[in-house]
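Using our numbering, read the sequence shown as starting at 715 and increasing by one per residue. All residues carry an ideal CB built from backbone N, CA and C; glycine is no exception. Quick caveat: nothing in here was measured; it's all calculated off a predicted structure. Heads up, the thing below is written out as structure tokens.
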Amino acid sequence: MENSADSFEFVFFLVKTLSSSCRTTRQSSERIEHLVRRVAKLSHASYEDLSREPSEELRERYDALAVETEEERLLRENFSLIYEIEMQEFICERIWSLVDQIEELLRSIKRFALEQKAHRTQKERSFIESVLKQRISGLETSTKTLQTTATVSRNKVESLVNSLKDFTKDIDWDLLAQSQDGRNVLTILDAVEYQYKLKLKNN
Numbered sequence: 715m716e717n718s719a720d721s722f723e724f725v726f727f728l729v730k731t732l733s734s735s736c737r738t739t740r741q742s743s744e745r746i747e748h749l750v751r752r753v754a755k756l757s758h759a760s761y762e763d764l765s766r767e768p769s770e771e772l773r774e775r776y777d778a779l780a781v782e783t784e785e786e787r788l789l790r791e792n793f794s795l796i797y798e799i800e801m802q803e804f805i806c807e808r809i810w811s812l813v814d815q816i817e818e819l820l821r822s823i824k825r826f827a828l829e830q831k832a833h834r835t836q837k838e839r840s841f842i843e844s845v846l847k848q849r850i851s852g853l854e855t856s857t858k859t860l861q862t863t864a865t866v867s868r869n870k871v872e873s874l875v876n877s878l879k880d881f882t883k884d885i886d887w888d889l890l891a892q893s894q895d896g897r898n899v900l901t902i903l904d905a906v907e908y909q910y911k912l913k914l915k916n917n
């Protein structure tokens, strides 16, 4: 959900910037129209005469003046490069956010496995609701977001998935299936295995 919120904020920023630009353009157009009407009044000419289409000769002179200079071209290319760099940084931040979520999921499962080995009593429902479901949901959301990007740190993700498989080997699945909450965990893991083509359970 964090990635979705960040993406929404980025899109909202772009829309707000575009809206501000449109408003500025509209105000400039209204100011130009006001000035043309004042000129028409002072020169005793009609507004229609001053606002009609320019002649071909005048248009050619304007086109000649509007040709992009070398300095303007370099400025435009530099702004384009800056935009691409900022977009790449934005994508990289989202990738590392996914990596952090996977690492946190691994730590949560490892803690659960260690507590199971030591025969400690934990409230499984609290663990499922506050940790496992939340982390898996975040993993699914982040993975769907990253599917639309061209750059994914495959080696890092594969390494973390392998670590996840190692941690799940320590879980007693038969014992886990004896409670309703434990069966809920198994259902969630089955869905993750099916969706991401993983083998997490050792039975």
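Between L900 and E907, the C-beta spacing is not below 8 Å.
Contact annotation: G896 and L903 have beta-carbon atoms that are not nearer than 8 Å.
Look at L749 here: in three-state DSSP terms it is helix. Restricting attention to S893, Q909, Y910, R825, the CA atom closest to the CA of F881 is found in R825. About 4 Å separates the Cβ atoms of I816 and L874, confirming a contact at the 8 Å cut-off. By the C-beta density criterion, I823 is buried, having at least 16 other C-beta atoms within 10 angstroms. Exposed is the label assigned to I796, since fewer than 16 other Cβ atoms lie within 10 Å of its Cβ. For D884 against A827, the beta-carbon gap comes to about 4 Å, under 8 Å, which counts as contact. Rounded to whole angstroms, the gap between the alpha carbons of Q741 and H748 is 11 Å. With fewer than 16 other Cβ atoms from the protein chains shown falling within 10 Å of its own Cβ, L789 counts as exposed. Under the DSSP assignment, D904 falls in the alpha helix (DSSP H) whose first and last residues are 894-910. The C-beta distance from L820 to L878 rounds to 6 Å, short enough to fall under 8 Å.
For L889, the uninterrupted alpha helix (DSSP H) run begins and ends at 887-890, by DSSP.
Apart from sequence neighbours up to five positions away, no residue of its chain approaches R787 with a beta-carbon distance below 7 Å.
Here DSSP, grouped into helix, strand and coil, assigns D880 to helix.
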